[in-house]
Amino acid sequence: MLISKPTLLNDVSHAQSLLTSNPRLWNWRQGHLNDAVAPATYYEASLAPWTRFEPLQADTHCDVLVVGGGLLGASTALHLARSGLDVVLVEKDSIGSAASGRNGGQLTPGLARWEAADMIAHLPLDEARRLWRFASHEAMDLLDQIAQDYELDFDRRRGHLTAAVHAGHMGALVKGADARRYLGDTSVEIVGSYELEQEIRSPLYHGAVVDTLGGQLHPLALLRGLVYGLVQHGGRVYEGSPVQEIEQTEKGALAITPGGTILARQALVLAVHDTTSQFLPTQSNTTVPFYTYVGVTEPLECPVSELLPTDRAVYDTQFQIDYYRAVRQNRLLFGGQGTGTSWSPDRINDYLLDRIQTVFPQLEQVQLDFSWSGISDFTLNGATDSRKTEDAVPVYMVHGWSGHGVAQTVRIGKAISDDVMGRNEDFAMLTDITHRSIPLGHHLSGLAIPVVKAAIGMMSAVNPGRLVSF
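Put into C-alpha cells, the structure is as follows:
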C-alpha cells in the first residue's frame, strides 16, 4: 500500500468550509465534530486529508504486533520494520485520535516528570548521565534524523522556556539547571525578569530557564510521518481494530480483534498509554488517568511575535501549568489543567480564554477557533513505567507520561526495537525504575485528583514559593 507524506497547510479555511456546507455538524468552536466529516482539532485542520486504513478483516500473523497507533507504537513499528521484521500495527480508532495526535506539541527533555535532579537522586551518577542523555539529546536528535531520512516537515522549532510564576520558584529552576549541567548538559541558562521581557511579553513571570535543546513541533504531522515511513518498509496498518484480549500460545502471542486474530511470533508491544491497565492484573496498575485541555486561537489582531519575540515554546511553574506557543497563521496554541473527569466544551473554552487573558492581558478580544481535551496518566514517582514480560513471546508496555514526552516516546520506540533485535540495554535501563502499585487508580481518579489538588492548593497558599507542578 502506498500512502502520501503528511502535508502541512498554511491555513485552516478548508475545515471551516466543510462545516458551513454541512449544517448537521455542531459548532467547531465548541469542540463537537464528526471526525469522519471534519477535523476536531487544529492539528487535523492544518494537515491535508490523509489515508484511512481498513480494519483487520481476517486472521493474520507477523513477527511483531504493535497495539496502538500513537507516537510510541508508530516509532516502535517503524524501527522494527527498518530492521527487516514483518510488523503489524493496529489502532482501535484512527491514527492520532488519542494523546499523540492531540497534545500540546511541546518538546521538553526528561522522562515524564523525572528530570535531571530526580535521576541524580535515584541513580548512580553514571546511570543518571546515561538516562538523561537518552531522554534529552538522543530523543531530540532522533526526531531530526527521522525528518531527514523520510524528508518530513512537522514544523520542528527549537527553544523552550520554563517561566517562574513566583519569585520563590527561581530557586528550584536554578537547581534543575545545575543538575542538568552536572550531568553534562550545557543547553540551559537562567534569565531574570528583565531579560525575560525579551522572550515573553507577560507581566506574570519572575524569571525562567531558557532551554535550547527543547522546542516544539506539530505532533500529528510527526506521527503520520512515522506511519508513512513504516509503510515504506512494508509494515501493515489496520485502523478500527481494537484488541480485546491477548493470549500466550505455543505458537506465539495471540491478539483477538473483532475482525480476526493476529499471531505475533517474536514480540507484542502494548503502546496504548492510559488504557494499558485493561491488559494488566488490577494489583499491577501503577497509573492514574487525568484529562487535560488545549485550544488554538483565531488569527490574532497583533503579530504573535509581539507576545513571544523569540518564538520559543513556554510552560510555567504554577501547580496547574499553562503551556503555550505560536503556531501557523498568527495563532496561539494554549493548554493546561489536569482534572479527574472530563469538562464540557463550554467550560474548556471559558477556562482557556481566562488563562490566555491572564497571561496576556493585552489580548482583550481573543477567541478560540479550536478547543479539545485529551487523556494522560501519571505514576506516583513521576517516571514513565516501562515493562517487559518474561513470556516466550515477550509483551512490552510503556505508560504513565504525565503529559510530557513527545520526543521520548519516539526514542523509547527505538529502544523497544533495539531490545527485540538484541542490540543494546536501553530498554532494560528503563525497566529498572521501580514503581508503586495503584490498584484502583483508574476508578478513583475522579475523586482522588480533586482531593490532591485541593490539598496542594492549601499548601501553596501557605507557602507560595514552593514549586509543585502537575
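In the UniProt record's numbering, the protein residues as written are 1 to 470. Note that CB positions come from ideal geometry on N, CA and C, so glycine has one too.
Practice item. Could you please give the first and the last residue of the uninterrupted beta strand (DSSP E) stretch that includes residue 386? Key: Run containing residue 386: 385 to 388, per the beta strand (DSSP E) assignment.
Practice item. Taking all protein chains shown into account, decide if residue 249 is buried (16 or more other Cβ within 10 angstroms of its Cβ) or exposed. Key: With fewer than 16 Cβ atoms within 10 Å of its Cβ, residue 249 is classed as exposed.
**Study point:** C-beta contact flag for residue 123 and residue 88 at 8 angstroms
**Key:** At least 8 angstroms separates the beta-carbon of residue 123 from that of residue 88.
Review point. Taking DSSP as the reference, what is the three-state secondary structure of residue 205?
Key: Of the three classes helix, strand and coil, the one that applies to residue 205 here is coil, per DSSP.
Check your understanding: In terms of residues, what are the limits of the beta strand (DSSP E) holding residue 337?
Key -> Start and end: 331 to 339.
Exercise for review: Helix, strand or coil for residue 159, going by three-state DSSP, please let me know.
Suggested key: Residue 159: strand per DSSP, three-state reduction.
Practice item. Report yes if the C-beta of residue 399 is less than 7 angstroms from at least one heavy atom of the ligand MN; otherwise report no. Key: In terms of ligand content, the structure shown is empty, and the ligand MN therefore cannot be addressed.
Check your understanding: Buried or exposed: where does residue 31 fall if 16 or more other Cβ atoms within 10 Å of its Cβ makes it buried?
Key -> Unreliable positioning characterises residue 31 in this predicted model, as indicated by a pLDDT of 40, which lies under 50. The coordinate reading is nonetheless provided below. Burial call: buried.
**Study point:** Other residues of its chain near residue 417: CB distance less than 7 angstroms, five sequence neighbours each side excluded
**Key:** By the criterion of a C-beta distance shorter than 7 angstroms, residue 417 is surrounded in its chain by 76, 79, 80, 83, once the five residues flanking it on both sides are discounted.
Check your understanding: Between 206, 112, 41, which lies nearest to residue 380 when the distance is taken from Cα to Cα?
Key -> With distances taken between CA atoms, residue 380 lies nearest to 112 out of 206, 112, 41.
Practice item. Rounded to whole angstroms, what's the CA-CA distance from residue 318 to residue 171? Just pull it up for me. Key: Here the alpha carbon of residue 318 sits roughly 14 angstroms from the alpha carbon of residue 171.
Check your understanding: Apart from the five residues on each side of it in sequence, which residues of its chain come closer than 7 angstroms, Cβ to Cβ, to residue 276?
Key -> Around residue 276: 270, 397, 399.
Exercise for review: Return helix, strand or coil for residue 76, following the three-state DSSP convention.
Suggested key: For residue 76, the three-state secondary structure derived from DSSP is helix.
Exercise for review: Report yes or no: do the stretch 210 to 229 and the stretch 148 to 155 share at least 3 C-beta pairs separated by less than 8 angstroms?
Suggested key: Yes, since at least three Cβ pairs between the stretch 210 to 229 and the stretch 148 to 155 fall closer than 8 angstroms, the two stretches touch.
Exercise for review: Could you pull the start and end residues of the alpha helix (DSSP H) that residue 350 belongs to?
Suggested key: According to the DSSP assignment, residue 350 belongs to the alpha helix (DSSP H) that extends over 345 to 359.
Check your understanding: So what's residue 232 in DSSP terms, helix, strand or just coil?
Key -> Assignment of residue 232 by DSSP, reduced to helix, strand and coil, places it in the helix class.
Review point. Mind checking residue 1: buried by the 16 CB within 10 Å criterion, or exposed?
Key: Classified as exposed, residue 1 has fewer than 16 neighbouring CB atoms from the shown chains inside 10 Å of its CB.
Check your understanding: Taking DSSP as the reference, what is the three-state secondary structure of residue 289?
Key -> Shown here, residue 289 sits in a strand according to DSSP, grouped into three states.
Exercise for review: Taking 8 angstroms as the threshold, find out whether the stretch 307 to 315 comes into contact with the stretch 279 to 297 through three or more Cβ pairs.
Suggested key: The stretch 307 to 315 vs the stretch 279 to 297: no contact.
Point to revise | Cross-strand partners of residue 260 (DSSP beta bridge) | key: In the DSSP assignment, the residues bridged to residue 260 are 257.
Review point. Under three-state DSSP, which class holds residue 64?
Key: Taken through DSSP and simplified to helix, strand or coil, residue 64 comes out as strand.
Practice item. Compare the C-alpha of residue 191 against each of 161, 218, 201 and name the closest. Key: Measuring from the Cα of residue 191, the nearest candidate turns out to be 161.
Point to revise | First through last residue of the alpha helix (DSSP H) which encompasses residue 408 | key: Looking at the DSSP string, the run of the alpha helix (DSSP H) that includes residue 408 is 406 to 420.
Check your understanding: Should residue 7 be labelled buried (16 or more other beta-carbon atoms within 10 Å of its own) or exposed?
Key -> With fewer than 16 Cβ atoms within 10 Å of its Cβ, residue 7 is classed as exposed.
Practice item. Taking residue 122 as part of the alpha helix (DSSP H), name the residues at either end of that continuous run. Key: Residues 116 to 122.
Point to revise | Which of helix, strand or coil DSSP assigns to residue 170 | key: Residue state, collapsed to three classes: helix.
Exercise for review: For my contact list, residue 239 and residue 95 are in at a C-beta cut-off of 8 angstroms; report their separation, rounded to the angstrom.
Suggested key: So it is a contact: roughly 6 angstroms between Cβ atoms.
Point to revise | Boundaries of the beta strand (DSSP E) in which residue 368 is found, first to last residue | key: Where residue 368 is concerned, the enclosing beta strand (DSSP E) stretches over 368 to 379.
**Study point:** Inter-residue Cα distance where the pair is residue 181 and residue 365
**Key:** Taking the straight line from one Cα to the other gives about 42 angstroms.
Practice item. Indicate the three-state DSSP secondary structure (helix, strand or coil) for residue 304 in the structure shown. Key: For residue 304, the secondary structure class from DSSP, reduced to helix, strand or coil, is helix.
Check your understanding: Who are the near neighbours of residue 287 in its chain, counting only those whose CB is closer than 8 angstroms to its CB and skipping five residues on each side?
Key -> Same-chain partners within the cutoff: 274, 276, 277, 377, 378, 379, 385, 399, 400, 438, 441, 442.
Exercise for review: Let me know the secondary structure DSSP gives residue 189 once reduced to three states.
Suggested key: In this structure, residue 189 counts as strand in the three-state DSSP scheme.
Point to revise | Of the listed residues 260, 406, 104, 138, nearest to residue 90 (C-alpha basis) | key: Among 260, 406, 104, 138, the Cα nearest to that of residue 90 belongs to 260.
**Study point:** residue 548 to residue 408 span [Cα, whole Å]
**Key:** A query on residue 548 cannot be resolved here, the shown segment of the chain reaching from 1 to 470 and no further.
**Study point:** DSSP-derived helix/strand/coil call for residue 146
**Key:** Three-state DSSP puts residue 146 in a helix.
Check your understanding: Taking DSSP as the reference, what is the three-state secondary structure of residue 85?
Key -> Coil.
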